[in-house]
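From first to last, the protein sequence lines stand for chains A and B.
So for the first sequence, the working numbering puts the first residue at 229; every next one is plus one.
So for the second sequence, the working numbering puts the first residue at 8; every next one is plus one.
In this text, a Cβ means the ideal position worked out from N, Cα and C, and glycines have one as well.
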Amino acid sequence: MDHPAAGSTGMPEVNEPNHFLRIVLWWLVVSVIGTALVVFVLGPGLPPGNGSVEASGQVTDNTVLLALSVPVAAAVLVYLTYALIVFREREPEVYVDGPPIRGNASIQLWWLVTTTVIVLFLAGYGSIRLLADGSGGGQGPNPIAAPAASSSDPPLQVQVIAQQWQFNYRFPGYGGVEVPDLELPANTLVEFHVTSLDVIHSFWAYQLGVKADANPGVDNVAYVTTKGPLSVNIRCAELCGVWHGYMFETAHVVSKADFATWIRAQETRFAPATKTLPPYSKTYFPPPERRGG
Amino acid sequence: MSASGKRLAGIAVVAAIVCVAIALYIALYLTNVPGSASAVETSSGTNLYLATVASAATNDPHPTWVSYYAVDANDQNWRHATTYVLPANTLVHVTIFQFDSQTGLRNPFIGQATGTVGGTFTLNGKTMEAIDPDTASHVFAIPAIGLSVPLYGISSTAKNPCSNAPCPLSNDHSTITFTFRTPAKGLYRWQCFVPCAAGFIQGFGGPMQTVGYMDGFIKVV
């Protein structure tokens with residue numbers, strides 16, 4: 229049965245406001261406010277913090293990604309909210325079907341253009357950021373995104389040796405000494421060489437913004453430029469066995485003078501073990517593969 | 008019986024089965040925690056006596072698995088427990104009777120003791136800082152407090168090795184002692200770092216991945 233007010237199209241003939249304009253205006257307001265909140269309020273507190281140059285870069289990246297997502301989410305939420313309020317059925321006893329939905333080339337074109345631009349921008353932005361300094365991620369044995377280092381002040385090389393269920397650290401620049409706890413000098417470019425002696429682990433130094441897989445037989449290089457003194461939570465980020473959940477520790481970034489004192493003490497303390505270590509190598513294939521039993 | 012009566016009876020039966028299953032789950036699984044062994048207080052201080060053996064007792068669910076045991080000062084009263092209860096902030100003297108043969112460390116660095124008083128341990132009465140990594144049979148390590156002590160393995164040509172727990176001291180063995188200070192109250196894991204699980208790839212399956220054999224907890228109270 230037709231609605232009494234229906235015209236030739238079968239739809240009520242009423243003076244509708246310009247819904248599209250109203251939705252766009254609301255979307256603009258919500259987007260501007262939401263983006264400002266993300267950039268100026270939420271952004272500075274986003275992980276992983278400012279423990280290194282790379283970590284700060286990741287905070288910027290997270291802020292950019294979140295800020296870009298605000299207008300997209302706002303479009304959905306504003307339209308949904310507007311529809312729920314304005315297009316609600318005010319006369320429940322009268323059931324009228326909505327107008328048929330047909331193709332709209334203009335909307336489809338704008339949808340394709342907008343989403344394509346957003347995706348291409350994100351791909352380009354992410355690639356540029358990764359190529360700048362590696363963003364603290366493992367780059368494999370032949371990194372292509374190394375931060376600039378001066379010839380007079382080369383990066384501090386630190387080998388991260390993972391095994392079930394502990395990380396050890398070897399310093400090839402200090403007699404190849406190996407230590408069970410990590411300290412790093414502040415304001416220094418560090419070149420991590422991450423490897424494993426058994427299964428796949430992942431070296432995750434949260435506050436430094438470093439995460440690099442530790443694969444047996446692979447030298448996975450990650451760069452980080454430390455900032456001021458701070459404590460760093462280190463965890464294994466790859467399920468690696470029964471004690472994976474216990475594979476964590478706290479490292480420290482200290483002043484360069486304190487680091488120099490500490491590394492000298494480690495060389496002395498672990499001199500007996502250092503004598504038994506194999507020559508420094510990017511990877512190790514220690515026996516036994518299988519216990520004789 | 009009416010249809011509604013049958014439905015009620017069916018519901019009652021299903022509910023009873025679910026209740027029994029929950030009760031069994033709680034009784035047989037949730038409350039079935041591994042046993043623990045406490046340190047012994049003597050006039051010389053707090054002592055913990057342990058033993059390592061190539062194969063658990065013949066009546067163990069895994070009689071071919073390498074394992075730690077808790078023992079007494081005379082290597083008697085073997086108990087298959089790998090949760091050790093220790094007092095907080097206390098010097099604990101540990102004695103380990105080590106009956107297993109040499110396997111070797113994947114990481115030679117662990118051949119040096121760390122975290123003990125003085126950074127040393129004794130091997131058959133001789134004070135040492137480290138052993139040849141290839142001669143290690145096991146390691147007693149609590150990574151959270153930096154404790155790690157390598158356990159020297161008996162020779163592969165030993166005349167009188169022990170096959171299964173319990174092992175009397177008349178069998179070939181090494182005796183390792185060390186002292187460490189316990190941390191604050193809490194639960195800390197300990198583990199072996201030698202790939203000592205016979206028959207498993209890289210020696211790190213089976214008893215190395217099962218709490219109750221080559222790893223466990225230090226319960227500091």
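In this structure Phe187 of chain B is in contact with Leu154 of chain B, their Cβ atoms being roughly 5 Å apart against a cut-off of 8 Å. Under the Cβ criterion (8 Å, minimum of three pairs), the region 291-310 of chain A does not count as touching the region 371-383 of chain A. For Thr65 of chain B, no chain A residue has a C-beta closer than 9 Å to its own C-beta; the minimum C-beta separation is roughly 17 Å. DSSP places Gln387 of chain A in the uninterrupted beta strand (DSSP E) bounded by 384-391. By the beta-carbon neighbour count (other beta carbons within 10 angstroms, threshold 16), Tyr397 of chain A is buried. Neighbours of Asp222 of chain B across chain A, judged by C-beta separation under 8 Å: Val470, Trp471. If you draw a 10 Å sphere on the C-beta of Leu93 of chain B, you find 16 or more other C-beta atoms in it, and that means buried. For the 9 Å CB-CB criterion, His145 of chain B and Val201 of chain B form a contact.
Our two residues, Glu317 of chain A and Ile335 of chain A, have alpha carbons roughly 26 Å apart in a direct line. In this structure, DSSP gives Asp289 of chain A a helical state, which the three-state scheme calls helix. Exclusion of the five residues before and after Ile313 of chain A leaves no residue of its chain whose Cβ lies closer than 8 Å to its Cβ.
Residue environment: Phe498 of chain A is assigned as buried (16 or more neighbouring CB atoms within 10 Å of its CB, all protein chains considered).
Per DSSP, Ile462 of chain A is one residue of the beta strand (DSSP E) stretching across 458-464. Per DSSP, Asp441 of chain A is one residue of the beta strand (DSSP E) stretching across 438-442.
In this structure, Gly271 of chain A lies away from Ala301 of chain A, with their beta-carbon atoms at least 9 Å apart. Counting other Cβ atoms within 10 Å of its Cβ, Met215 of chain B reaches 16 or more and is therefore classed as buried.
Residue A:Val386 holds the alpha-carbon nearest to the alpha-carbon of Phe399 of chain A among A:Ala390, A:Val386, A:Trp393, A:Leu410. Beyond the five residues adjoining it in sequence on each side, Thr97 of chain B comes within less than 6 Å, by CB distance, of Thr53, Thr189 in the same chain, given in chain order. Residue contact check for Gly153 of chain B against chain A: a CB pair falls below 9 Å. Straight-line spacing of the CA atoms in Lys133 of chain B and Gln105 of chain B works out to 15 Å. Along the region 325-381 of chain A, the alpha helix (DSSP H) occurs as fully enclosed runs of 4 or more residues at 333-361, listed in sequence order.
His247 of chain A: not part of any beta strand (DSSP E); member of the alpha helix (DSSP H) spanning 247-265, first to last residue.
At least one CB of chain A lies nearer than 9 Å to the CB of Ala137 of chain B. Contact fails between the region 375-384 of chain A and the region 461-470 of chain A, because fewer than three Cβ pairs, one in each stretch, are under 8 Å apart.
DSSP places Phe104 of chain B in the strand class (E or B) of the three-state scheme.
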